[in-house]
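The next block holds one structure in the form of structure tokens; read it before the comments.
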Amino acid sequence: MEIRQARCADADAVAELLVTLGYPDNTAASVHRRLELWSQAAGSAVLVAESAGDVVGVVAVTAVLRFEQEGSIGRIVALVVDGSLRGAGIGRGLVAAAEAAAREMGCSAMEVTSSRHRTEAHAFYRALGYQDWCDRKARFVRELGA
645 MEIRQARCAD ADAVAELLVT LGYPDNTAAS VHRRLELWSQ AAGSAVLVAE
695 SAGDVVGVVA VTAVLRFEQE GSIGRIVALV VDGSLRGAGI GRGLVAAAEA
745 AAREMGCSAM EVTSSRHRTE AHAFYRALGY QDWCDRKARF VRELGA
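When we follow the working numbering, the leftmost residue of the sequence shown carries the number 645, and every step to the right adds one.
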């Protein structure tokens, strides 16, 4: 397995992975556009895991400037591994690569959010040393209309 920067040519495979994660509106064209944008955005990276020429996982990480204290925090905004290959270390490799990228961006910590129903993902993150802060912080989202 090789972990590398995502390329626009990976759009079809990344779109399929995002659909399996539960985001059915991802088309290859929309993912292609996002890969182009992310490749040009400072403080952001999209990495893929490739095995035998196939993209089998993806992670997107971005640096968020802190205001309450100095520095930045890395945020994994998407992580998915092909369902038939979970448990093979691909996710661990992608998270390690995302953490390395965040360090290169000057981040002092890393965070990830995960839907409450993804209990297997929560166990995965705990096994990697991530702490569940749900009892300490809440996340609120409001869609902004056009």
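For each residue, glycine too, the CB sits at the ideal point set by N, CA and C.
query                                                                                                                                                             : result
What distance in whole Å lies between the Cβ atoms of L723 and G733, which are believed to be in contact at a cut-off of 8 Å?                                     : Going by Cβ atoms, the distance from G733 to L723 rounds to 14 Å, so no, they are not a contact pair.
Under 7 Å from any heavy atom of the ligand ADP, does the C-beta of L691 make it?                                                                                 : The ligand ADP is not part of the structure shown, which contains no ligands of any sort.
Check the DSSP bridge columns for Q775 and list the partner residues they point to.                                                                               : For Q775, which the question treats as bridged, DSSP gives no partner whatsoever.
Measuring CB to CB, does V702 end up less than 8 Å from A650?                                                                                                     : yes
Would you decide whether L788 is buried or exposed? Buried here means 16 or more other CB atoms lie within 10 Å of its CB.                                        : exposed
Whose C-beta lies closer than 6 Å to the C-beta of E743 among residues of the same chain, with five residues either side of it excluded?                          : M754
For A672, I'd like the list of residues in its chain whose CB is within less than 6 Å of its CB, leaving aside the five on either flank, ordered along the chain. : A655, D656, A659
Is the beta carbon of G727 less than 8 Å from the beta carbon of T664?                                                                                            : yes
In whole angstroms, what separates the C-alpha of M645 from that of V785?                                                                                         : 36 Å
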